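Reading through the structure tokens given below for one structure.
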Amino acid sequence: MKLLRGEARDAASVEAYIDNPCIKCAVERSFRVAVEICLDIERRIIALEGLRYPADNQDICRVLVEAHIIPDRMPLTLLNMARFRNLLSVRQYMQSS
Numbered sequence: 000m001k002l003l004r005g006e007a008r009d010a011a012s013v014e015a016y017i018d019n020p021c022i023k024c025a026v027e028r029s030f031r032v033a034v035e036i037c038l039d040i041e042r043r044i045i046a047l048e049g050l051r052y053p054a055d056n057q058d059i060c061r062v063l064v065e066a067h068i069i070p071d072r073m074p075l076t077l078l079n080m081a082r083f084r085n086l087l088s089v090r091q092y093m094q095s096s
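Anchor point for the sequence shown: position 72 equals 71 in numbering that gives the first Met the number 0, and the numbering is continuous, going up by one each time.
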């Protein structure tokens, strides 16, 4: 636990993020998980509300806007988060190959 506290304290700057592969990996993994959780919650709302089935992840936002569950401006933010998550995943895959 002490080690984690030290890492968190050290991660307080962009330089630490860039220079420390451990911090970088943890931050990127946390971001990917957070985006996946958002998508899961959105899918669950769609199912519970009985809304039309989304064609893909991008369509999830459209379905929620159509139902007036999220504001019109929100999908762009959510889509950009999902796209960035995809870039991180591809980069991680390429590095591990």
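Using N, Cα and C, we set each Cβ at its ideal position, and we do this for glycine too.
Remember, predicted model here, so these are calculated numbers, not experimental data.
Count the other CB atoms within 10 Å of the CB of residue i; is the residue buried (16 or more) or exposed (fewer)?
i   : result
L86 : exposed
E41 : buried
L63 : buried
V13 : exposed
V89 : exposed
E59 : Per the sequence shown, residue 59 should be read as Ile rather than Glu. Buried, by the Cβ-count rule.
R28 : exposed
M0  : Note that M0 scores a pLDDT of 49, beneath 50, so its modelled location is shaky; the value from the coordinates is reported in the next line. That one is exposed.
L47 : exposed
R51 : exposed
R84 : buried
Please list the terminal residues of the continuous alpha helix (DSSP H) segment that includes residue i.
i   : result
Y16 : V13 to D18
D71 : Run containing D71: none; DSSP gives neither H nor E here.
Let me make sure I understand the geometry here. Which of the options has the alpha-carbon closest to that of residue i?
i   : options               : result
I45 : N19, H67 and P20      : H67
D55 : G49, D39, P70 and A25 : D39
Could you tell me whether any Cβ in chain D is nearer than 9 Å to the Cβ of residue i?
i   : result
Y52 : The structure shown has no chain D; it contains just one protein chain.
Would you check whether the ligand FAD has a heavy atom nearer than 8 Å to the C-beta of residue i?
i   : result
R42 : The ligand FAD is not part of the structure shown, which contains no ligands of any sort.
| query | Taking three-plus beta-carbon pairs below 8 Å as touching, is the stretch 70-85 in contact with the stretch 28-39? | reply | yes
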